[in-house]
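> This is the structure I want to talk about, given as structure tokens.
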Amino acid sequence: MTAVIDARELRKRFPGGRHQAIEAVRGVSLRVARGEIVGFLGPNGAGKTTTLRMLTTLLPIDGGSATVAGLDVQRQPGQVRGRIGYVSQLGGADELATGRENLTLQGRLYGQSRADVARRVAEVLGRFDLAGFADRRVRTYSGGQRRRLDVALGVVHEPEVLFLDEPSTGLDPQNRASLWDHIRGLRDRGTTVFLTTHYLDEADALCDRIMIIDHGAVVAEGTPRALKHQVAGDAIVLVTRDADAAGHAAAELAGQPGVRDLTLEGPAVRLYVSDGAAALPGMLRLLDRAGLPVRSLRLSEPSLDDVFLRQTGRSLRDAGDTAPPAPDHAATEAAA
Amino acid sequence: MKAATDAGLLFRRYLVQLLRNPVWLVVGFSTPVLYLALFTPLLRHLVGAPGLPAGHVLDLFLPGILALLAFASGSGPGFSTIFELRAGVIERFRVTPASRLAILAGPILASMLLMFAFDAVVVAIGTGLGFGVHAGGLLLLCLLLALLMATVAAFSIAIALTTGDISGFAAIINGLNLPVLLLGGVLLPISLGPEWMRVLAHFNPLYYAVTAARVLAAGTLTGPAVWQAFAVLTPLCVVVLSWATTVVRRAVA
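So the protein lines, in turn, are chains Y and Z. The end of the first sequence is residue 1680 by this note's numbering, with every number in the run present. The end of the second sequence is residue 254 by this note's numbering, with every number in the run present.
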């Protein structure tokens, strides 16, 4: 695979004032192939944004090395900037300027001619559904319109790689879904997308590959499916006639290969198996033959939160605000 | 070449932002006009007092107002840098291949243009009230004011980028503001003060600018005060600008 982003052992320390220095990023390595959407999933303060800012030339790299689009980030920052787009959490559009003015200036700063920029701006306005209010000041835009403009600002110069920092924070479900469609559309055009998120569903819905990051280090990596697969398999809930039947059913199923963590909940049997969809038909036949018909069933895949829980011992939902288990992490967390 | 194009683009952008935010214009215009209207009358009876040169009171006071305006116009870009830092605008520019010097120069030059517009108004009003205009001196004075303004602006932007928040920035800028202005002899010449003040003033770059401004406004183009001011402000401007460019390059906030 030709890596569009290739980072090795990236490190970043921030002076900690009265406290000891804070190691925000501790040896992060990553490779992203052309045309992938790859996400950094982790709680606030995990080092996601810091890593992103190092890769986009905004922050000096303390240790390790990185190339983006084949260029060394430390030695050729100017050329790297020409090949990438970056959309920060804040967006950074001029509120007093119109959407078109913002996009035009952005394109011109990348050194494109006036005519080229005008053409690309018109194209991007259409593609991101901004054309209807392109000449209104950004101040009047809704949250969703604003966010689409932010992303459009990141791609008006057609970068090879787009970096998105927490793209959907603060958006309502409808606007999130629409934004995700636009981001997938970028991949379809061949743009490599690298994003950070602390939303499980965003990582799951959008990313071809996920890196779970916690306390400045990557703790797990893979496709959303593979990551979830490695945790506990799928959860299956089978509802039988009554508690008595459920007990018999549990006894029948306990001997099946791959079945784990069998529990009884009234008339229901809950169990985990590595591939639920493949195991279900056999289970149903078995129970049918035993005279224990199943009235309803539920198959649920493990979530990325299960993955995070297993890798870090904490739930991602709490990780941002609860104290971490290991005392040597306290400084990082407090500073974040 | 790219730097000049970028500076031009960012100059236009900042100027448009300024013009679309009329509050700044009103504040910018009213400050010098208020000084003219509410401070000049107090000086009327001072003319001819010991230590003060003879001539119209505005010949003494108006150049100080112009220096004050340069100083105030210089801190404007710092304030908007804080705001734009918070809004992610600075970061958006820093991630483009735009020249780092242009990111600095755009706002500075736009504010400078506005400053000259204010200057023109002040001089026009002053002339109506009896200020004697000397074209050559005024032209050289414009150059001096541009140097002063660019230095203050680059300094305030760099401080804004390093502190990153309004309270830290305001503490430093306001803390420096009053002593620098008072020891620059902006309102009344330092020559009126005791010796320790006159000695201290020589460590203040603004003092040289204000002193030269009075000499230039009077029409003298070649006095020692004039070349001293340029000798102090030109290298200072270069040093502060290059420091500020480094800050833009490395800004972490």
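Glycine included, every Cβ here is placed at the ideal spot set by N, Cα and C.
#1: For the structure I just gave you, are there three or more beta carbon pairs, one from the region 1562 to 1573 of chain Y and one from the region 1519 to 1539 of chain Y, closer than 8 Å?
#2: At a CB-CB cut-off below 8 Å, which residues of chain Y make contact with N205 (chain Z)?
#3: Would V1603 (chain Y) and A1589 (chain Y) qualify as a contact pair, given that the criterion is a beta-carbon distance under 9 Å?
#4: Does D1438 (chain Y) get closer than 9 Å to chain Z when you measure Cβ to Cβ?
#5: May I ask whether a heavy atom of the ligand FMN can be found less than 8 Å away from the beta carbon of G131 (chain Z)?
#6: Mind listing which residues of the region 1440 to 1461 of chain Y have their C-beta closer than 8 Å to chain Z's C-betas, in chain order?
#7: Tell me which same chain residues have a C-beta within less than 6 Å of the C-beta of R1375 (chain Y), skipping the five on either side of it?
#8: How about D1665 (chain Y): is its C-beta nearer than 9 Å to some C-beta of chain Z?
#9: Is D1632 (chain Y) buried or exposed, if buried means 16 or more other CB atoms sit within 10 Å of its CB?
#10: On the CB-based measure, 16 or more other CB atoms within 10 Å of its CB, does H203 (chain Z) come out buried or exposed?
#11: Please list, in chain order, the chain Z residues whose beta carbon lies closer than 8 Å to that of P1503 (chain Y).
#12: If you follow the beta strand (DSSP E) that D1377 (chain Y) is in, where does it begin and where does it stop?
#13: Starting from G89 (chain Z), find everything on chain Y with Cβ-Cβ shorter than 7 Å and list it in chain order.
#14: Taking DSSP as the reference, what is the three-state secondary structure of F40 (chain Z)?
#15: Could you check where the alpha helix (DSSP H) with E1546 (chain Y) kicks off and where it finishes?
#16: Which one or two residues does DSSP pair with I1381 (chain Y) in a beta bridge?
#17: Y1430 (chain Y) by DSSP, collapsed to three states: which one?
#18: What first and last residue would you give for the beta strand (DSSP E) that runs through I1580 (chain Y)?
#19: Less than 8 Å between the CB atoms is what I'm expecting for S100 (chain Z) and D7 (chain Z), so what's the real figure, rounded?
#20: Taking only beta-carbon atoms, is P78 (chain Z) less than 9 Å away from chain Y?
#21: Give the residues from the region 14 to 26 of chain Z that approach chain Y closer than 8 Å (Cβ to any Cβ), ordered along the chain.
#22: Take S1457 (chain Y) and list the residues in its own chain whose beta-carbon comes closer than 7 Å to its own, dropping the five residues that flank it on each side.
#23: Write down every uninterrupted run of the alpha helix (DSSP H) in the region 180 to 212 of chain Z whose length is 4 residues or greater and which is fully enclosed by it, in chain order.
#24: Can you find the residues in the same chain that come closer than 7 Å, C-beta to C-beta, to K3 (chain Z), ignoring five residues on each side of it along the sequence?
#25: For a test of the three-state rule: what should DSSP assign to V1613 (chain Y), helix, strand or coil?
#26: Can you tell which of Z:L184, Z:G79, Z:P236 has the C-alpha that lies nearest to the C-alpha of G165 (chain Z)?
#27: Helix, strand or coil for M1555 (chain Y), going by three-state DSSP, please let me know.
#28: I'd like to know if I1381 (chain Y) contacts chain Z, where contact means its C-beta is closer than 9 Å to some C-beta of that chain.
#29: Under a Cβ-count criterion, where at least 16 other Cβ atoms within 10 Å of its own Cβ denotes burial, should H1542 (chain Y) be classed as buried or exposed?
#30: On a CA-only basis, which of Z:W25, Z:W228, Z:H57 is nearest G129 (chain Z)? Give me that one, please.
#31: With 8 Å as the limit, tell me which residues of the region 93 to 115 of chain Z have their beta carbon closer than that to any beta carbon of chain Y; keep them in chain order.
#32: Buried or exposed for D60 (chain Z), going by 16 or more other Cβ atoms inside 10 Å?
#33: Taking beta-carbon pairs under 7 Å, can you tell me which members of the region 1402 to 1435 of chain Y lie near chain Z?
#34: Three-state secondary structure (DSSP) at T223 (chain Z)?
#35: Alpha carbon to alpha carbon, how far is V211 (chain Z) from P64 (chain Z)?
#36: Could you tell me the distance, in whole angstroms, from the CA atom of I160 (chain Z) to the CA atom of A1549 (chain Y)?
Result, derived from the coordinates:
#1: no
#2: Those within 8 Å of N205 (chain Z) in chain Y number zero; the least Cβ separation is about 32 Å.
#3: Using a Cβ distance threshold of 9 Å, V1603 (chain Y) and A1589 (chain Y) do not count as a contacting pair.
#4: yes
#5: Among the components modelled here there is no ligand, and therefore nothing to report on the ligand FMN.
#6: L1440, A1441, E1445, L1449, Q1450, R1452, L1453, Y1454, G1455
#7: If we look at R1375 (chain Y) and ignore the five residues flanking it on each side, its Cβ neighbours are A1347, D1350.
#8: Residue placement at D1665 (chain Y) is poorly supported in this model, since its pLDDT is 46, which falls under 50; the coordinates are not used for a value here.
#9: Classification for D1632 (chain Y): exposed.
#10: exposed
#11: Residues of chain Z passing the Cβ test: none, with the nearest at roughly 10 Å.
#12: Looking at the sequence itself, residue 1377 (chain Y) is Ala, so the reference to Asp does not match. Its beta strand (DSSP E) spans residues 1366 to 1377.
#13: S1432, L1434, G1435, G1436
#14: DSSP, read as helix, strand or coil, puts F40 (chain Z) in coil.
#15: 1544 to 1550
#16: Y:V1537
#17: strand
#18: 1578 to 1583
#19: 5 Å
#20: No, no contact with chain Y.
#21: Of all residues in the region 14 to 26 of chain Z, the ones placed with a Cβ closer than 8 Å to any Cβ belonging to chain Y are R14, V17, Q18, R21, N22, in chain order.
#22: none
#23: Contiguous alpha helix (DSSP H) elements confined to the region 180 to 212 of chain Z occur at 196 to 202, taking only those with 4 or more residues.
#24: S100
#25: DSSP places V1613 (chain Y) within a strand segment (E or B) once states are collapsed to three.
#26: Z:G79
#27: strand
#28: no
#29: buried
#30: Z:H57
#31: R93, F94, R95, V96, T97, P98, A99
#32: Here D60 (chain Z) is buried. Its C-beta has 16 or more other C-beta atoms within 10 Å.
#33: L1402, L1403, P1404, G1422, R1425, G1426, Y1430, S1432, L1434, G1435
#34: coil
#35: C-alpha separation (whole angstroms): 7 Å.
#36: 42 Å
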